[in-house]
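Encoded as structure tokens, the structure appears first; notes follow it.
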Amino acid sequence: RGTPKGQPGSTDADLPAFDSSKPVDGKYIVAGAGTAAEPFEITWDLLLLASQTYQPRYGKSDIPPQVKAIDGKHIKIAGYFAFPLASTDARELLFMLNMWDGCCIGMPPSPYDAIEVRLSQPMPGGGKQWVNYGTLSGIIKVDPYVQEGWLLGMYLMEDGAVDVGM
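For what it's worth, our numbering labels the leading residue of the sequence shown as 477, then goes sequentially.
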């Protein structure tokens, strides 16, 4: 006997294969092929799925198959971004579901609704834009960063690009 799919103790072999052309769990449809020419066009709902099964401080360590399926793939996602406050180089940013200025405006992101990004080219203007909304594209890496049981980060992107604006 095996453990029922999706239950504690189940393995990846117990989970259904991911198919981007079909609804995932009857809800998530991911357009694209995960390539540079045809990236997966994902939403924050897909990234937030990990919050249901990946919570290290509670002993939960399962990353959903939908999230695993985008690891190492080209993606596009819309959202807000902020540069480090002390940075003079506009090469790194935090790409987020909600607007946050790093201080007083908006809500700080959780590890599930933020992507740490290193841009392939510095942002023109040194990161001093009036608009902090755009579309991020690049290869996403699902790489949980855990310290003493606490999840501090979940998603990374090297060589990313941001198309600023709506």
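For each residue, glycine too, the CB sits at the ideal point set by N, CA and C.
Just so we're clear, the structure is a prediction, and the values are computed from it rather than from any experiment.
Residues in the same chain with beta-carbon distance under 6 Å from residue i, minus the five sequence neighbours each way, listed in chain order, please.
i, result
"I591", "F571, Y631, M633"
"L569", "F557, F559, V593"
"Y621", "L628, G629"
"A512", "H550"
Can you tell which of the options has its C-alpha closest to the C-alpha of residue i?
i, options, result
"F559", "V543, Y609, I518", "Y609"
"Q542", "D521, M599, M583", "D521"
"T531", "V506, G625, G641", "It should be noted that the sequence gives Gln, not Thr, for residue 531. For the residues V506, G625, G641, the minimum Cα distance to Q531 belongs to G625."
"G641", "Y621, Q528, T611", "T611"
"L525", "I539, A513, R533, E517", "I539"
"E517", "T511, V506, G582, G629", "V506"
"P600", "I581, R567, P620, N574", "R567"
Which same chain residues end up closer than 7 Å to residue i when comparing Cβ atoms and leaving out the 5 residues on each side of it in sequence?
i, result
"P515", "G508, H550, I551, K552, S613"
"T487", "Because T487 carries a pLDDT of 45, less than 50, the predicted location of this residue cannot be relied on, and no value is offered for it."
"A493", "At A493, the pLDDT of 47 sits below 50, so the modelled position is not reliable and the matter cannot be decided from this model."
"G582", "N574, M575, W576"
"S537", "Y530"
"R533", "G625, W626"
Between residue i and residue j, which are expected to be in contact by the criterion C-beta below 8 Å, what is the C-beta distance as a whole number of angstroms?
i, j, result
"W576", "P584", "6 Å"
"G555", "L595", "That belief does not hold up - the Cβ atoms of G555 and L595 are roughly 15 Å apart, past 8 Å."
"G535", "L561", "Not a contact, Cβ separation roughly 35 Å."
"P424", "D565", "Outside the shown range of the chain, which is 477 to 642, sits residue 424, and nothing can be said about it."
Counting only the same chain and skipping the five closest in sequence on each side, list residues whose C-beta sits under 8 Å from that of residue i.
i, result
"Q528", "P540"
"D589", "W520, L523, L524, M572, L573, N574"
"Q623", "none"
query = Is it a yes or a no for the segment 544-552 touching the segment 608-621, going by three-plus beta-carbon pairs under 8 Å?
reply = yes
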